[in-house]
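Undergrad: Quick one: structure below, then a few questions.
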Amino acid sequence: MKILSVSLYNIASIEGPFHIDFESEPLKSEGLFAITGVTGSGKSTILDAICLALYNNTPRLSPIKSYINIGDGENNLSVRDVKTLLRKGAEAAFAKVVFKAIDDKIYASEWKIRRARGYGRIQDEIITLENLSDKTLFPERNKTLVLKEIQRLLGLSFEQFTKSVILAQGEFANFLKATESERADILEKLTGTEIYSKISAQIFQKHKDLQTEITFFDAQLSSIELLTDEEQQTLHLALNQLKEQENQLITAQKQLQIQLDWHLKNQQLTEQIRQASVNLQIAQEVKNQQQHRFETLDKVEKIQPLKPIWLQKENIQKQIFTVDLDIEGFSQKITELQQQATVIQNALDKEKQHQQTLLQLHEKWLPQIQQARVLDIQLQQKKEILSDKMQQIQAFEQNNQAFIGKIEVEKQTLAQIQEHINQNKLWQSQNAYFEKLAENYSLIGVSCKEAERAISEKEKFRKEVEDLKGQIHRVEVFVNEEKTKNENLLQQHILAKQAYDEFKKAIKGFDIEKLISEQNEIIQKIEQQKNILNSIQKLQEERQNVQRTQQKKQQKKEQLIQIEQQLTQNQADVSLAQQEVSVLEKLLQKLQLESSENVENLRRGLIPDAPCPVCGATHHPYQEQRYENRALQELERQLEEAQENHFRLQNQAHDLLSNKKITEAEIQNLTQKEEESIVIQHQERKKISFLENDFIAKEHNLESLEKNIKVVLSDYQNNVAVIVDKIADYQGLKARETSLETRFNQALNQLESSNRKLNDLENASQKLVHRFDSAQRLLESAQNMLTEKEQSVNQLLDNPSWFLLWKNIPEQFANRLTKAVSDWQQSQENLRLGEQSQLSVNQNILHLSQQQLDQAKQLEDLKTPYDREAQLLSEMKLERQNLLGGKNADQVERQINDKLKIVQKQIELQLTNYQKNALDFQEISAKKQTQEQFLAQLKQERETLQGRIEHWMIENPDFKADLNTQKFDYWISLDNLWIHQERLQLKQLEEGCLMAQTLLKDRSDSLKRHQNQNIPEQSQSDCERLLAENKESEAKVRQDIGKLHNQWAVYQKEVEKHQDLLRQREEKQQVLSQWEVINSLIGSSSGKVFQRYAQEFTLDTLLRYANVHLSSINQRYQLERISDTLSLQVIDKEMGYEVRSVYSLSGGESFLVSLGLALALSSLSSTKMNIETLFIDEGFGTLDAKTLAIAMDALESLQHQGKKVGVISHVQEMTERIAVKIEVKKQGNGKSSIQIKNDW
């Protein structure tokens, strides 16, 4: 993984935008570079930008635990929110990192935020990822998914990145000299080993859960009771007896049902006889009511010879009426045609007169049209000439205005240049001192650098003196503390020995095995009482369930009896209805067959004004009259009612059967529930009886028993609490035993270590005193050199305020000096350029003024001839306006011609209409004459037919009274088909009466035969009662059988459950054995066992890496862990591999060891990948020149390993040694800029 470039804009104090490219010179060639700047300038902001682009997090925000909000305009932001890094007042910000991922491809990750509308609320951050190698964008826009993909490409989480790429050594300085508990916390934080404590606790909890499950299985197995062989045999015998009893009841039911069916059939046959009598009475009544139809049939048969003559006469009469109407219509049409001919002739004369008027008007306007066309051509030519001249004039006017505008612009420019020159001269007069600074700039710079080096030397030696003084003081404090500590350790050793002896006496008073035995015994009793309590509660609940089930079952039985009674009655009704439908259908079919060709069917098919298929008449006066056959109608009605009744009874039977099945299923279900509840009650009684000996005597008062058990449970739980407290006291004493023994041994070891450390501190104190004297002499020499250099600078500046500024704030002095010299030189350059520009602008003004005068003269020469031509054009326009009123000549001529064409078309149209009117008149006159002749012929035929009708009336005087009546017309309209059908229908009436008499006789005979066969011994009510009692007994037997079946099924389930529990317990026991081994090794309730083991192993690995780096930084020291602890000690190779405390290391020595630890963590975190970029954010101010050189050598060695190392530091000697620097400079108003500098 390698960082290739960083870009940032408006992040914290960095305004930008700025781009740092590690693959471009000078950073590309240098493996070691420095990030420098004054405090607060924003050096660490560069690292924040890297972390923002890659992880949307920063090292400065991630440790914050506070949830306090800070104001942002009208909104609030959490102090942990990355949006707080947007620079104050900025509208938007971004951070972009280009990196090489673990797949060796180049990627760019960009982090952006902005304010809504540029001034509103800060919007959510946007993170994008682009593959620069493949030139593709990561398709997801979800922030979480993009960050997850970036982490995959880097191969490092945020915590790993900040430990292996961005090293914070302050953590390792704390780690080096922390207490053991603090070191454990820091080690867990740095290496991420907190997971091991969770693993240890989960292993302990898993082992505990498995033990609980085994105990649960044992309790379940003990609660299952299986039947003995004798109990199983008894159960099978009872079941066989009940099945035999059930078969006997079923046989008796069949006999009773046969007797009950006989009674029902007897009722059915009696009802059929009654219905047949009614049908016979109806048939006789219908026959009597239809007597008039016999008389009508006789009249129709006599009138048949007259029917053709009568119908022919009526047809001729209709034709005469139609012809009269046609003649009258032809007369009206002739009159209308004569009127139209007059109108057409008048219109034709009018159009011809209009045509003559238009021809005269055309001859009058023709000379003016020709003259207007000539003037139009002349006007168009004159307009084109004037347009060309106007374009030339406008072009000259535009050019003239352009020259005037340019002259004004040049004059304004000249005034601005003069003002700028005056401002520069005024500024130079006000800052004349800057001229001297510019002349002596080089000498001032050299003198200031020499003085700064002297200050640096003095400060270095002063710090060394102060550091040595502090070290001497600290060593003296350490010596005094160690002496006090030595005395305290001796006293602690004596007290620990006394405490340990007293504890041994106290612990002998506890009999822990007896306490544990009592605790287990009481816990078993508590579980037993809880089981009894649960069984009592379940027994009460099941008793209530049985009562509710029995009530519901009784209701359903009563409902079932009602349904069965209704179903028996319904079956008898259905049988009777079926027989009735069959008889009526046969009667109806016979009547319909005889009347199938009735005249009424033909009359219904007649169409108005269409000829009748029998007589040929087009008028049907009797079509709407209906003479229904009453007998047929009555039979149809009875059949329809019988069918509806039969269908209704069948539906009712179906509904009753469905309700019966549903009710029986509900009763069976309730019976099963009742049996299950009884079985459960039996089981619970057996459980309670097994646990409570006198339960049978107490069963009648379960509530009192439940209260007594709760009281006993409370007493047992109080006893267990007392024993638990005693066991806890014993465990506390046992823990104290280990603690006291450890304390005794530690006190002895610490006393011996304190004696060795006291000798080391006294030797170190003498060495520090010699070094302090030498450093004091060097400090005095550096002070003399500084005084000399300050005098040289003061002489060159010759200004007390500037000298004080240089002395107090050298960085600000350097900026002001550079700015003053730069401003003076810029002012001189501006003055020179302004004078040159002034001369050039004056020349431009003269040249432009001459060109403007030339343009004005040419414009005047063009305007004079243009005015003459314009006057001539106005005169021609006036002349043209007087011709044709100014109208277009072609348009005037075209309007006259269009009107002439329209008039000509109207004349032709009127001539055509006149001719058509004459032809229509001739055609209508001929048709009228033909119809008059046909009318005379029809009247002659009508007179002949009327004579024949009068002759027939003389022969049949019986019809003379009915002539010309509606009844006569009806007889005439009836044909042979009607006669035939009427004969058949009347015959059917007679046969219907005969069939009704036959049906009545057949049903009476059937009733007699039924009453003479198989007469039952029991009455119908007795049969129904005995059958209901038999079914009730059968249901009870089936219920008993169901109970026994359920009891056997429950037993089988208990056997299967017992076997399944045994198998599961065996499986759990095998798993528990494995977890017992793991728990004994690394399991614990607090997680400390495995956590401690993992931390010791991780610390050993970290120290191995650290010693490798220490061998290249400082070969004198080697780190190692004190056995069975997380404490560290140092092996001093130059003092005969003497073991030293880390507290004995000086500040510089502590820094070198911490540096080794920091580099070790980087190596440890990157074991699975090659990290080529490293940033160290740590001050190097505690190092002397020699130690600093060693540290620099170590950092430079890293670049030989292929790493690019960036160091953030304020130490001047260090930054001077590093050629390439990324300088972060303050610019005021909270802004900073970034500049890459190369000193080579």
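Using the numbering used here, you'd call the opening residue of the sequence shown number 1182 and step up by one each time. Ideal Cβ placement from N, Cα and C applies to all residues, glycine included.
1. Please state the DSSP three-state secondary structure of alanine 2400.
2. So, under 8 Å CB-CB, tyrosine 1288 and phenylalanine 1280 are touching, yes? Tell me the CB distance rounded to an integer number of Å.
3. Do the stretch 1392-1407 and the stretch 2189-2200 make contact, defined as three or more Cβ pairs closer than 8 Å?
4. In three-state DSSP terms, what is lysine 1209?
5. Pick helix, strand or coil for glycine 1651, following the three-state DSSP scheme.
6. Between which two residues does the beta strand (DSSP E) harbouring glycine 2387 extend?
7. Give the single residue among Thr1265, Gln2112, Ala2099 and Phe1385 whose Cα lies nearest to the Cα of glutamate 1509.
8. Please name the residue, chosen from Ser1404, Leu1337 and Val1504, that lies closest to glutamine 2118 on a Cα-to-Cα basis.
9. Does the stretch 2090-2099 come close enough to the stretch 1515-1532 to have 3 or more Cβ pairs within less than 8 Å?
10. Since alanine 1289 sits in a beta bridge, which residues does DSSP pair it with?
11. In terms of residues, what are the limits of the alpha helix (DSSP H) holding lysine 1202?
12. Mapping DSSP to helix, strand and coil, what is threonine 2354?
13. List in chain order: all unbroken alpha helix (DSSP H) runs of 4+ residues lying wholly within the stretch 1461-1528.
14. What number of angstroms, rounded off, separates the C-alpha of leucine 1506 from the C-alpha of lysine 2109?
15. Taking C-alpha atoms, which residue in Leu1441, Asn1661, Lys1293 and Glu1766 lies nearest to arginine 1818?
16. For a quick check, are the C-beta atoms of histidine 1388 and tryptophan 2256 less than 8 Å apart?
17. Looking at C-beta atoms only, is the number of pairs between the stretch 1591-1604 and the stretch 1984-2001 that lie closer than 8 Å three or more?
18. In the DSSP assignment, find the unbroken alpha helix (DSSP H) run with isoleucine 2077 in it and report its ends.
19. Drop a sphere of 10 angstroms on the beta-carbon of methionine 1182, count the other beta-carbons inside from all chains shown, and report buried for 16 or more, exposed for fewer.
20. With DSSP collapsed to three states, give me the class of phenylalanine 1214.
21. To the nearest angstrom, report how far apart proline 1489 and proline 2138 are at their CA atoms.
22. Kindly indicate which three-state DSSP category leucine 1318 falls into: helix, strand or coil?
23. In angstroms with no decimal places, state the Cα-to-Cα distance between glutamate 1992 and serine 2344.
24. For aspartate 2071, count the other beta carbons within 10 Å of its own beta carbon; 16 or more makes it buried, fewer makes it exposed. Which is it?
25. State the Cα-Cα distance for the pair histidine 2391 and valine 1187, rounded to the nearest angstrom.
26. Give the range of the alpha helix (DSSP H) segment to which glutamine 2228 is assigned.
27. Taking DSSP's pairing of strands, which residues face leucine 1189 in a bridge?
28. Going by CA-CA distance only, name the one from Lys1644, Arg2049, Glu2010 and Val1764 that's closest to asparagine 1605.
29. Going by beta carbon distance, what residues of the same chain come within less than 8 Å of alanine 1758, once the five residues before and after it are set aside?
30. Below 8 Å CB to CB, which residues in the same chain sit around phenylalanine 1319 once its five sequence neighbours on both sides are set aside?
31. I'd like the span of the beta strand (DSSP E) that includes arginine 2321, first residue to last.
32. Determine the closest residue to tryptophan 2159 out of Ser2202, Leu1478 and Leu2188, with distance taken between C-alpha atoms.
33. For leucine 1676 and isoleucine 1890, which I take to be in contact (beta-carbon distance under 8 Å), what is that distance rounded to the nearest angstrom?
34. Check each candidate in Ile2222, Leu2291 and Gly1336 and name the one with the smallest Cα separation from threonine 1852.
35. Can you give me the C-alpha to C-alpha distance between aspartate 2420 and threonine 1217, rounded to a whole angstrom?
36. For isoleucine 1380, which option in Ser2267, Gln2310 and Ile2399 has the closest C-alpha, if you only look at C-alpha atoms?
TA: On the basis of the supplied data:
1. For the purposes of this step, residue 2400 is taken as the residue at position 1219 of the sequence shown. Of the three classes helix, strand and coil, the one that applies to alanine 2400 here is coil, per DSSP.
2. Taking the sequence shown and counting its residues from 1, one reaches residue 1288 at position 107. Taking the sequence shown and counting its residues from 1, one reaches residue 1280 at position 99. 6 Å between Cβ atoms; contact.
3. no
4. Along the sequence shown, read from residue 1 onward, the residue named residue 1209 stands at position 28. Here lysine 1209 sits in coil by DSSP.
5. Along the sequence shown, one-based indexing puts residue 1651 at 470. The answer is helix: DSSP assigns glycine 1651 an H, G or I state.
6. What you label residue 2387 is simply residue 1206 of the sequence shown in a count that begins at 1. Residues 2385-2389.
7. Taking the sequence shown and counting its residues from 1, one reaches residue 1509 at position 328. Glutamate 1509 has its Cα closest to that of Gln2112, out of Thr1265, Gln2112, Ala2099 and Phe1385.
8. Here residue 2118 is taken as the residue at index 937 of the sequence shown, counted from 1. Of Ser1404, Leu1337 and Val1504, the residue nearest in Cα terms is Val1504.
9. yes
10. Sequence index remark: in the sequence shown, residue 1289 carries index 108 (1-based). Alanine 1289 pairs with Val1279 and Glu1311.
11. Here residue 1202 refers to the residue found at position 21 when the sequence shown is read from its first residue. A small fix is needed here, since residue 1202 is aspartate in this sequence, not lysine. Careful: aspartate 1202 lies outside any alpha helix (DSSP H), inside the beta strand (DSSP E) at 1199-1202.
12. Here residue 2354 refers to the residue found at position 1173 when the sequence shown is read from its first residue. In the structure shown, threonine 2354 sits in a strand (DSSP, three-state: E or B).
13. 1472-1484
14. Along the sequence shown, read from residue 1 onward, the residue named residue 1506 stands at position 325. Along the sequence shown, read from residue 1 onward, the residue named residue 2109 stands at position 928. Answer to the nearest angstrom: the Cα atoms are 11 Å apart.
15. Mapped onto the sequence shown, residue 1818 falls at position 637. Considering only alpha carbons, the answer is Glu1766.
16. Walking along the sequence shown from the start, residue 1388 turns up at place 207. Walking along the sequence shown from the start, residue 2256 turns up at place 1075. In contact: histidine 1388 and tryptophan 2256 (Cβ atoms closer than 8 Å).
17. no
18. On the sequence shown, position 896 is the one that residue 2077 refers to. Element bounds for isoleucine 2077: 2070-2136.
19. Taking the sequence shown and counting its residues from 1, one reaches residue 1182 at position 1. Buried: at least 16 other Cβ atoms inside 10 Å.
20. Here residue 1214 corresponds to residue number 33 of the sequence shown, with the count starting at 1. Of the three classes helix, strand and coil, the one that applies to phenylalanine 1214 here is strand, per DSSP.
21. Taking the sequence shown and counting its residues from 1, one reaches residue 1489 at position 308. Taking the sequence shown and counting its residues from 1, one reaches residue 2138 at position 957. Approximately 19 Å between the Cα atoms of the pair.
22. Mapped onto the sequence shown, residue 1318 falls at position 137. It is a strand residue.
23. Numbered from its first residue, the sequence shown carries residue 1992 at position 811. Numbered from its first residue, the sequence shown carries residue 2344 at position 1163. Roughly 39 Å between the two C-alpha positions.
24. Working through the sequence shown from its first residue, we reach residue 2071 at position 890. Result: exposed.
25. Mapped onto the sequence shown, residue 2391 falls at position 1210. Mapped onto the sequence shown, residue 1187 falls at position 6. Cα to Cα, histidine 2391 sits roughly 22 Å from valine 1187.
26. Locating residue 2228 in the sequence shown gives position 1047, counting from the first residue. That run of the alpha helix (DSSP H) goes 2201-2263.
27. Indexing the sequence shown from 1 puts residue 1189 at position 8. According to DSSP, which records beta bridges pairwise, leucine 1189 is partnered with Phe1199 and Ala1276.
28. In the sequence shown, counting from the first residue as 1, residue 1605 sits at position 424. Closest option to asparagine 1605, Cα to Cα, is Glu2010.
29. As a working note, residue 1758 is residue 577 in the sequence shown. Excluding sequence neighbours, alanine 1758 sits near Ala1823, Asn1826, His1827 and Leu1830.
30. In the sequence shown, residue 1319 corresponds to position 138, counting from 1. Closer than 8 Å at the Cβ level, and outside the excluded window around phenylalanine 1319, lie Thr1309, Leu1310, Glu1311, Asn1312, Val1327 and Glu1330.
31. As a first step, residue 2321 is located in the sequence shown; it is residue number 1140 there, counting from the start. First-last of the beta strand (DSSP E) with arginine 2321: 2319-2322.
32. Looking up residue 2159 in the sequence shown gives position 978. Selected option, being the one with the closest Cα: Leu1478.
33. Counted from its first residue, the sequence shown places residue 1676 at position 495. Counted from its first residue, the sequence shown places residue 1890 at position 709. Going by Cβ atoms, the distance from leucine 1676 to isoleucine 1890 rounds to 54 Å, so no, they are not a contact pair.
34. In the sequence shown, residue 1852 corresponds to position 671, counting from 1. Cα-wise, what sits closest to threonine 1852 is Ile2222.
35. Numbered from 1 along the sequence shown, position 1239 holds the residue referred to as residue 2420. Numbered from 1 along the sequence shown, position 36 holds the residue referred to as residue 1217. In a straight line, the C-alpha of aspartate 2420 is about 13 Å away from that of threonine 1217.
36. Position 199 of the sequence shown, counting from 1, holds the residue named residue 1380. Ranking the options by Cα distance to isoleucine 1380, first place goes to Ser2267.
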